[in-house]
Amino acid sequence: GRGGLQSHLARQVHGHALERGYDLSGLRARAVEDADFSRFDLLLAMDWDNLALLEQRCPPQFASRCRLFLSFAPQAPVAAVPDPYYGTERDFERVLDLVEQASAGLLAFIEKQLAQRA
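Position 70, counted from 1, in the sequence shown is what the working numbering calls 110; the numbers after and before it change by one each time, with no gaps.
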């Protein structure tokens, strides 16, 4: 099965993240729940397929909450986070670069939103 491959890939991702000081060991993915659309201000997708799935499920009044994660990194050379799993070591590093850029942009966005509410 794919379990061994997925386990190897997870270790690869965690290794690259640890080299940059990120401990991913406590993070777990979960399925989006219908209540998430009203519970969270943003639902961020890493790629176009997942954004489409979010948009299909999202009630119209919350549509603006569904966005691509990399929309917070307008300087990024791509619009969606590429899947590094079948690529090279450099592909994993490139994804981390993109995630760091988008995270900085997301933080700036949140800070601006909070300042406007104050």
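Just so it is clear, CB atoms sit at the ideal spot from N, CA and C, and this is done for glycine as well.
Of Gln-115, Ser-78, Ala-120, the smallest CA-CA separation from Pro-100 is found for Ser-78. CA-CA distance, Ala-119 to Ala-155, rounds to 27 angstroms. Taking C-alpha positions only, Ala-116 is separated from Ala-75 by approximately 31 angstroms. The bridge partners DSSP lists for Ala-85 are Leu-108. Under the three-state reduction of DSSP output, Ser-78 falls in the helix class.
The criterion of a C-beta distance shorter than 9 angstroms is satisfied by Leu-108 and Asp-87. Taking C-alpha positions only, Ala-69 is separated from Ala-158 by approximately 33 angstroms. When rounded, the separation of the alpha-carbon atoms in Asp-89 and Glu-129 is 24 angstroms.
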